[in-house]
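Sequential numbering of the sequence shown, starting at -11, is according to the working numbering. Beta carbons are placed, not taken as given, at the ideal position from N, Cα and C, and that holds for glycine.
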Amino acid sequence: MKIRTFAIAALVAATPLAHAEDKQAMSPYIENALIDVCKAAMSDNVFRMNKTIKSYRLKTKTVALKVVCNGEDITTFAANQGANRTSERLERSVGSVGIQDIAMHQKLQVTFDLD
């Protein structure tokens, strides 16, 4: 429970860093977690993506709504990389459509080189 609380606190604490104008660096742990999740989504292996998301104690819905990979939301990023199965899984995790305040959703962004 302490690790989950720490992970949530770390994500919340890093959110302002991701939106800073001077592009301050985020913690290496969070950056590696985001890169791992993006690479897992790009792999088109739903099992690998779910395992990676769970290993960082995240929820698939949170990842689908808040993670940005190379300037694109993770669902679009996966689809553009040809990972249709993981893209569809992320889309399904969002669930039904509802009205929400867009300003409430702060996205975390990471840029990395594709191997």
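Residue environment, residue i, which counts as buried when at least 16 other CB atoms sit within 10 Å
i     : result
Leu46 : buried
Val82 : exposed
Ala28 : buried
Ala13 : exposed
Ala8  : For Ala8, the predicted model reports a pLDDT of 49, less than 50, meaning its position is unreliable and no value from the coordinates is stated.
Leu78 : buried
Option nearest residue i by Cα separation, candidates the options
i     : options                        : result
Asp24 : Val55, Ala13 and Lys49         : Val55
Cys57 : Thr50, Ala13 and Leu22         : Leu22
Thr19 : Tyr44, Arg80, Asn72 and Asp103 : According to the sequence displayed, residue 19 carries Glu and not Thr. When each option's Cα is compared against that of Glu19, the closest is Tyr44.
Val51 : Arg80, Asn72, Pro16 and Leu102 : Arg80
8 Å contact criterion, which residue i and residue j should meet: CB distance rounded
i     : j     : result
Thr74 : Met37 : 5 Å
Cβ shell of residue i (< 8 Å), same chain only, five flanking positions each side left out
i       : result
Gly59   : Gln97 and Thr99
Ala(-5) : Any reading at Ala(-5) is ruled out, since the residue's pLDDT is 49, under 50, leaving its predicted position unreliable.
Lys49   : Ser81, Val82 and Gly83
Lys39   : Ala28
Ser105  : In the structure displayed, the chain extends from -11 to 103; residue 105 sits before or after that span and is not available.
Ile62   : Val25, Cys26, Ala29, Val51, Ala52, Val55, Val56 and Leu78
Same chain, Cβ closer than 7 Å to residue i, five either side skipped, listed in chain order
i     : result
Ala67 : Ser75
Ile41 : Val25, Thr48 and Val51
Val34 : Arg73, Thr74 and Arg77
Gln69 : Met30
Cut-off 6 Å between Cβ atoms - residues of its own chain near residue i, not counting five sequence neighbours on either side
i     : result
Lys95 : Lys54 and Val56
Asp10 : In this predicted model, Asp10 has a pLDDT of only 46, less than 50, meaning its place in the structure is not dependable; the value taken from the coordinates is given anyway. Hits under 6 Å: none found.
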